[in-house]
Structures are given as structure tokens and as C-alpha cells.
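Read through the structure below, which is laid out as C-alpha cells, and then see the notes.
Residue numbers (UniProt numbering), protein chains in the order written: chain A, 1 to 462; chain B, 1 to 462.
Listed below in C-alpha cells is the structure:
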């Protein structure tokens, strides 16, 4: 019988614990020892739920934790919380870990290593950025810190810095908590993952919720009170009083440990892996927000922090570690979000991204309804498709609407995953009944309009 | 200048009027005269809305009519209601039409003809089938007749014959109107387009609504009162008192006129066309419920009466008649339906259909939630995938759930349209956020389970 091997996992959230669980499913404790270290207080939680938890939509913290350390131990996975990996010795096959609370350090050996260190919120290197009350939103402890802040100090004015998904979701959470909310973004629109025309709809929606938008304004620093708490946010144009600040400037892969160990990190800052989630270093795997993915439309490397990718990549790593075969082929940039009654979705490339990838594009935007117009509950939605000139290949799609709008992005994501043209898409056999769609689904109307644009462009150019 | 041509359209609903409108968009009145004849009182209406209209969910008949005859005339389309085509003379390029109310007849010449005669409800050739109060559900006049029946005679007990989409939707409509409802079906399950395991969930849901189900019972006839109205429905097992009967036995293509004129009709009873919606007869086109389609998974001809196909086919015929190029490639059997709070969807082939087409299959059924389990409003849904053995190609999918479940069928329809395997599908980049999906969308969980079944089958067989 072969000697028992040891799998070490750095990071106890989605990617790391999926890898551990899959490996365990395929290889029993006699064959494989599994140790996972996590520096926070929680493992295996739903990080994407933080805005809903902070906003009071989800009220029970326990519901966010899919498995406790005890449950992992029962399954033969030795999960150690408050244990931080501080150095990887890839040649020696060992990781130096530190007891966060006690401070002691030791080396943990491994036969296989999974790096699942996640991402860290971008913190601008500005005066006051480390003031108390300036919150990033990445791990569950961040959400708990915001809740504590709300309870202990009853802040009145929140400033959200950054208008991406997290920024907008947190702005809604603060509105729900009764705060006056301002949102500052250096760009001219919130939600830069959408084109400006679609982003403008979101801007109007946010204003409708009572959020004050300061767009095109660069943050220059944070004023601090004598007690060390943030007091205001300074932009190039104004000073916004603030009792609480939320940073929604995005996240970057937490790949420092890997980089220092000589494990290859790509241009996005994410760890480079192959399709099986193996890094370029022997017996070192990586999964989740810390890795770089291939964008299947642009072909470029991208770092997209999203729980669904983290879970898939963790599973793929775990299947392969367990002796199976699985691959993560890449992403197409699908994302959905809900901000109060507004639903937002996108997939593929937006116009700016498509241009950067060298595509010449044509776009079509249609306004339609989510159900048959005569059916109760029908609401309007905007659907935008971006197609390549000449070929008509679908490159991207964006949706802004209300109830039952956003998940239509799935069909569009699958269409561009399969390199369909907008002309081909006009024939698609989509579900139709009055409570679900007009007789021409918004996706089909948009495909028709985009196909007409491609055809007209060819005629005008010939 | 070329002589003005004449386009004659038989049938004033979705397919016919889409063809007329598209042809008109591309060829002006100086070039093309367009005449459309419709034997009913209404044109261009939403036939799929009849159950919702009868059930009182949609209360304004006017909302169902997308364009009035006057609006068509303004656009240069001479739409004549209560005018029935009774004979096609394909060699002579003319159609004999009858004034339904006045009785007069005349020949209408054409250069191009579009046959869009729709479908007719299947009426079993049984005693009493033509009694008053036995209603088919196909055209708007049928819905109005049911409403009149409800108002004039205040029926107490409704019997619905046939448990397909229309039967179930009409059963709900009768429940909404306060009637005691029984449903009889010769099959052992309602919704035979689903597999028995999924159909059983629907059966339970219908019983939960208070509908009495009599499954596996063949209809033998209808008892009639002295006043000519239906009094009971007789099955092989029992006599069900009935004040009102609704036939939901499906429809068949109304292809009699075409057949009599020597225009080719296929094995399904539908008119045979090519991809551009041309029949085998010169200058004769056909579109909508009266035609036969190619099923893109089985390869077999099918006749599926559905407004979304009718609209697409009409548009395709009209684009081609207008000098453009468009095709209708076929269908994959997608259908969705809502019965009270229950949503039902299917696409591709079910197990029975797949076996009939010669496929060996493996299935996976998963129960999951529509949103993240901790998010308010999350409900359970069942997703079933049917994959080909060995290749793992997705052949069909079925969904039964509540809010936000059914439209996930679109992504599955697009996946099988593109001949994806369930293994490939496990990598799909679908929209994830807690209000919209668990971190593993039900579609992905089902794909994983199906892929595991395909893999296990190969191993066990090697």
C-alpha cells in the first residue's frame, strides 16, 4: 500500500473547501490526509451574501455558513481557523503557518498544495484610507464589522466609494438601514461593466432610491476625527461628510504568497493555472478569486472574483487531486445583480472591452416586456446585444430590467459560449407562454435587431 | 415598371399577419397588393392568452388584439374578416372564398399565396361530442363562447378532457371561476410531454388546487340534456356529471384545404415546407400551426402548435416574399406553462421520445432552489436532464418548480440547440447572485449529476 499523502489547502472558503471536499469524496482518509488553514473566523460561507446580510435582507448569519469546522472534521477534513499561511516553500513542499491569535508559527508539509487565498479589496493609497469606519467588503468579518459599526455608532451618513456591483449592493444595504447614502465614482457612470447607455439606466435607478451620485469624481483622501474614525471623503470637487465609508473599488487576487514562492502570476495579478487548475509549479494547485482565468470571447486573461467560479474551480482541482479528470475551460464574464427592484445582467464583452480585444462591433438595444404585455406583472426591460461586424457573432449582452429580467442572461451566455451569430439566434426555440414572455422573447427581438444591423452595415459598406 | 403583384394570405392570426406585415415592410403598395382573409371575427390576437382571459387573469379582450383590421388597412393590408377560404386552385393561382355571414362566394386570384390556416382542436368522434357546452379551445371565439356559457348558465361542474398544457391551464381557469373541476386523461399522468416522474409532481400540484384527476380513463362519450347541453362525461370507469366540458386533447394542423389542392402534407398532418417556408407547390407558402417542422434533436417531422413558432415562420415567409432571405431552421420542442403557482418547462426529447428516436439515454434529476437557499423567496425546483449514453450529448430537459424556475429552460434549449454535452455544460458561466440562483445554479448541478451518470455508465460497461 502506498504511503498516505497529505493535501494542504490555504483558504477555507468556496474554492478551498470545494477542492478539499471533492478530493475527500474520491480518496478516503487512509489514503489522503487533508488539512485546510483559514486565517478568518469563518469558513465555507457565502461571501456574495454580505450586502444582503448587512442590509437585513438575510437576517441569520448561521444561514450563510454552509458547513461548520466540526462538519468538515466529521468528513475527515482538518479545517483550522485563525491559522494564516505566511510563506510557501514550494521546493521543500511545506507552508509556514501562523496562529493568528496565539502568534506561534510552524511548517506544515504537503504532498499537494491548493492555494485558495481569495482576493483583497482594493484600498487606494490615500490619506486616511486606514481610518476606522472605512470598510472593505470581502470576507464575512468585514460584513460583521460594518454591522457592529451600525449598532455601536448609529452612523447617519454613508459614502460608498466605487459604483460596481458591490458598491451598488452596499449602497442599497445602507439605504435599507436608513442612512443617507452618497456614491462616488471616478467614472462617468456606475457599473462600468455595462456600456454607458445601460449604465445610465442604473444611475437613474440609484437616484430614484435616494442615493446621491457623484460621478467623474476622483477620491483624494479621507478626513479623520480625533477619535480615529472617518469624518469625510474628499474628492477633487468636494468634501462629503461621512460617518461610515464603504470601499467598493473592486478586489485584486490575493496572490502575494504565491508570487513570493516563485509560482507564476499573470498580468492580471492572478495565479496562472492550466485547465485542470494546476499552477506552473509542481504539485501546487490554485482555485478561486486568487487565480487568473481565460476569457473565452476575448481570449485574454482576466481576474474575476465570483463565488460561482470559485466553487467550480475548487471542484475541478479536487476532482483532479482525487484522481479524476475535470477542467475549467474559462469564463465569459457573466454577472447578475439586484439593486432594490432593479435587475442588472451582463455577459461577454461590452463595447469598450470588445474594442480593446480588437473586435469591430455593432450593437442593438431593445425595450420589451418580461411577460406578454397584456399579462399582469409585465414590466419593461432593456436588452442590448453586441455583435461582431461582418460575422455577426454574438460578443456580449447586457440586460437592465425588473422582475424576471436578469436571468435571461444565461441563454445569452450559452449562445456566445457556443459562438452563435445573432442571425442564428433569431431562430432559437425559447420558452413562450404569456406569464413568462411576449410571443417574441426580448432575447429574440434583440437578436433580430442586431442581425438587421449587421446586414445593413454590410450593404452600406459594399 | 413591373406589374403590381398580388399576395393572398389565408388566415388572419399570428403567422398570416406576420407574413403580410413583413412583406409589406419590404415591398410597398405600388409593387404588391396584399389581401388577407380570416373566417373568424378577430385577427392578430394572442390565442395563447385564452386560458388567462377565460380565467379572469387578463380581463380586457381588447388587450389581446395586437392590431385591428383598420390598423392593417392603414398599412396597406386588406384584411377581410368573416371570409373563409374554401378551395385552393394552385394551378390556376386562385382561392375560392365564402362570405361567412352573407354566404356569397367568389374566386380571389394571387401571384403568391400564404397558407396560415392554423390548427383545429381534436374532437373525439364519440356520442355527444357536438353537444352544446362542449368547448374546444383554439380561436378567440372559443374563449368568448366559454365566457358566455359561464355567464348565461352559471355552470357548477366543469370536466376537462385531456391533461396537456391547454387542459391544465383551462382547469386552473375553471378553478378561478369557482367551478368544481375534474380532469380526465387516458394516460397515467397529466402533461405527457414530461416524463412520468416529473408529471407526478404536476398531478400532485393539480390535486392540491382541488382538481379531481381521473387518469388512465378513456372517454367513451358525452350525455346530453333535453335542451341540447352536455350533462355528463362517460369514461370506461364512471360517469362524471358536467355542466361544461373543455376539450384539451390537443390540436391538429388545419391542412385540409392544402391537401385537397395537392399541396404536400407530411406524416404529422402538417403542410411540408422548406426552410424558407415554401411549400412543394409553386408560389405557395405556409406558416404557423398548419405546417410541419423539423425537430432538430430527433430529426423527425413534428407538428407543434405554438404562437412563437407561428410568428417566426410568418416573419420568415414574409421576409422571403419581400425579396429578403430568412429561414426557419426547426424546433427543439421548448414549452413552458404556468398553472397557479406552478411553473413547468421542457425542451428537447423526453425519455419516451428519445427512445422512439433511437437514442439510449441516461437521466439525472436534482432538487435545488431557485435562489440561494438563505435568500428570502427561495423555492425548490426539480430539474431533469436527459443525456445520450456514451456521447453525453444533452437531448432533453424538464423543469417543475415555482417562481423563477421555468425560464431556465431557455439556457437548456440553447445548449441542446448547440449539441453541447452535459460534461461541457458543467463549465458554463451562468449568472450568479443570491437573489437569482444558488452558487451552483440548478442547471449546473443537474449537468454535473448527468455527467457523473454518463461516466459511471461507461465505467460499469467497460
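Ideal Cβ positions, reconstructed from N, Cα and C, are used throughout, including at glycine.
Sheet register partners of residue i (DSSP bridge)
{"i": "residue 309 of chain A", "result": "The partner list for residue 309 of chain A (beta bridge, DSSP) is empty, contrary to what the question assumes."}
{"i": "residue 388 of chain A", "result": "A:361"}
{"i": "residue 87 of chain A", "result": "A:96"}
{"i": "residue 246 of chain A", "result": "A:135 and A:160"}
{"i": "residue 119 of chain A", "result": "A:253"}
{"i": "residue 108 of chain B", "result": "B:95"}
{"i": "residue 325 of chain A", "result": "Answer is none; residue 325 of chain A lacks a bridge partner."}
{"i": "residue 436 of chain A", "result": "The partner list for residue 436 of chain A (beta bridge, DSSP) is empty, contrary to what the question assumes."}
{"i": "residue 301 of chain A", "result": "A:294"}
{"i": "residue 342 of chain A", "result": "A:339"}
{"i": "residue 382 of chain B", "result": "B:367 and B:400"}
CA nearest to the CA of residue i, picked from the options
{"i": "residue 512 of chain B", "options": "B:212, B:312, B:192 and B:397", "result": "Nothing about residue 512 of chain B can be read from this structure; chain B reaches only from 1 to 462."}
{"i": "residue 92 of chain B", "options": "B:283, B:140, B:14 and B:164", "result": "B:283"}
{"i": "residue 154 of chain A", "options": "A:174, A:142 and A:170", "result": "A:174"}
{"i": "residue 251 of chain B", "options": "B:20, B:29, B:428 and B:139", "result": "B:139"}
{"i": "residue 470 of chain A", "options": "A:340, A:48 and A:16", "result": "This structure does not reach residue 470 of chain A, given that chain A is present from 1 up to 462, and the question cannot be answered."}
{"i": "residue 419 of chain B", "options": "B:440, B:332, B:459 and B:357", "result": "B:332"}
{"i": "residue 51 of chain A", "options": "A:409, A:377 and A:337", "result": "A:337"}
{"i": "residue 429 of chain B", "options": "A:231, A:42 and A:416", "result": "A:416"}
{"i": "residue 151 of chain B", "options": "B:177, B:164, B:246 and B:163", "result": "B:177"}
{"i": "residue 56 of chain B", "options": "B:340, B:365 and B:197", "result": "B:340"}
{"i": "residue 254 of chain B", "options": "B:247, B:266 and B:96", "result": "B:266"}
{"i": "residue 400 of chain B", "options": "B:448, B:200 and B:134", "result": "B:200"}
{"i": "residue 356 of chain A", "options": "A:374, A:395 and A:451", "result": "A:395"}
{"i": "residue 271 of chain B", "options": "B:257, B:290, B:188 and B:168", "result": "B:290"}
{"i": "residue 70 of chain B", "options": "B:85, B:44 and B:309", "result": "B:44"}
{"i": "residue 317 of chain B", "options": "B:302, B:437 and B:115", "result": "B:115"}
{"i": "residue 206 of chain B", "options": "B:343, B:287 and B:143", "result": "B:343"}
{"i": "residue 85 of chain A", "options": "A:61, A:431, A:110 and A:77", "result": "A:110"}
{"i": "residue 162 of chain B", "options": "B:198, B:210, B:215 and B:146", "result": "B:215"}
{"i": "residue 227 of chain B", "options": "B:133, B:146 and B:160", "result": "B:133"}
{"i": "residue 448 of chain A", "options": "A:366, A:8, A:241 and A:351", "result": "A:366"}
Contacts of residue i in chain B (Cβ-Cβ under 8 Å)
{"i": "residue 369 of chain A", "result": "Going along chain B, no residue has its Cβ under 8 Å from residue 369 of chain A, so there is no contact; the nearest lies around 12 Å."}
{"i": "residue 63 of chain A", "result": "373 and 374"}
{"i": "residue 449 of chain A", "result": "Result: empty, since nearest Cβ-Cβ is about 13 Å, beyond 8 Å."}
{"i": "residue 101 of chain A", "result": "Those do not exist, as residue 101 of chain A stays about 28 Å from chain B at its closest Cβ, beyond 8 Å."}
{"i": "residue 345 of chain A", "result": "431"}
Proximity test, residue i beta-carbon vs the ligand GTP heavy atom, cut-off 6 Å
{"i": "residue 265 of chain B", "result": "In the structure on display, the ligand GTP does not appear, and there are no ligands present to speak of."}
Cross-chain neighbours of residue i in chain B, by beta carbon under 7 Å
{"i": "residue 463 of chain A", "result": "For chain A, the structure presents residues 1 to 462; residue 463 of chain A sits outside this window and is missing."}
{"i": "residue 45 of chain A", "result": "Those within 7 Å of residue 45 of chain A in chain B number zero; the least Cβ separation is about 10 Å."}
{"i": "residue 415 of chain A", "result": "414"}
{"i": "residue 350 of chain A", "result": "Residues of chain B passing the Cβ test: none, with the nearest at roughly 15 Å."}
{"i": "residue 32 of chain A", "result": "None at all; the shortest Cβ gap to chain B is about 20 Å."}
{"i": "residue 314 of chain A", "result": "Result: empty, since nearest Cβ-Cβ is about 11 Å, beyond 7 Å."}
{"i": "residue 136 of chain A", "result": "Within chain B, no residue comes near residue 136 of chain A; the closest Cβ sits about 19 Å away, beyond 7 Å."}
Whole-angstrom C-beta distance between residue j and residue i, which should lie under 8 Å
{"i": "residue 349 of chain A", "j": "residue 297 of chain A", "result": "5 Å"}
{"i": "residue 222 of chain A", "j": "residue 128 of chain A", "result": "3 Å"}
{"i": "residue 456 of chain A", "j": "residue 422 of chain A", "result": "No, residue 456 of chain A and residue 422 of chain A are not in contact; Cβ-Cβ is about 13 Å, not under 8 Å."}
{"i": "residue 40 of chain B", "j": "residue 141 of chain B", "result": "5 Å"}
{"i": "residue 414 of chain B", "j": "residue 411 of chain A", "result": "5 Å"}
Neighbour list for residue i in chain A, Cβ cutoff strictly below 7 Å
{"i": "residue 48 of chain B", "result": "433 and 434"}
{"i": "residue 307 of chain B", "result": "432 and 439"}
{"i": "residue 411 of chain B", "result": "410, 411 and 414"}
Chain-ordered neighbours of residue i on chain B, where CB pairs are closer than 9 Å
{"i": "residue 338 of chain A", "result": "433, 434, 435 and 436"}
{"i": "residue 150 of chain A", "result": "In chain order: nothing, as chain B lies at least about 20 Å away."}
Cross-chain neighbours of residue i in chain A, by beta carbon under 8 Å
{"i": "residue 14 of chain B", "result": "439"}
Residues that residue i contacts on chain A, provided the C-beta gap is smaller than 9 Å
{"i": "residue 288 of chain B", "result": "The premise fails here: residue 288 of chain B is roughly 12 Å from chain A at the closest Cβ pair, so nothing lies under 9 Å."}
Output needed in chain order: residues of the segment 185-218 of chain B with a Cβ under 8 Å from some Cβ in chain A. none
Of the residues that make up the segment 378-408 of chain A, which ones have a beta carbon closer than 8 Å to any beta carbon in chain B? 404, 406, 407 and 408
Please list, in chain order, the residues of the segment 321-334 of chain A that have any C-beta partner in chain B closer than 9 Å. 324, 326, 327, 328, 329, 330, 331, 332, 333 and 334
Using a beta-carbon distance cut-off of less than 7 Å, what residues from the segment 50-83 of chain A approach chain B? 52, 57, 58, 63 and 64
Residues in the segment 159-175 of chain B with C-beta within 7 Å of chain A's C-beta atoms, listed in sequence order? none
Cβ-based contacts, 9 Å cut-off: residues of the segment 232-258 of chain A near chain B: none
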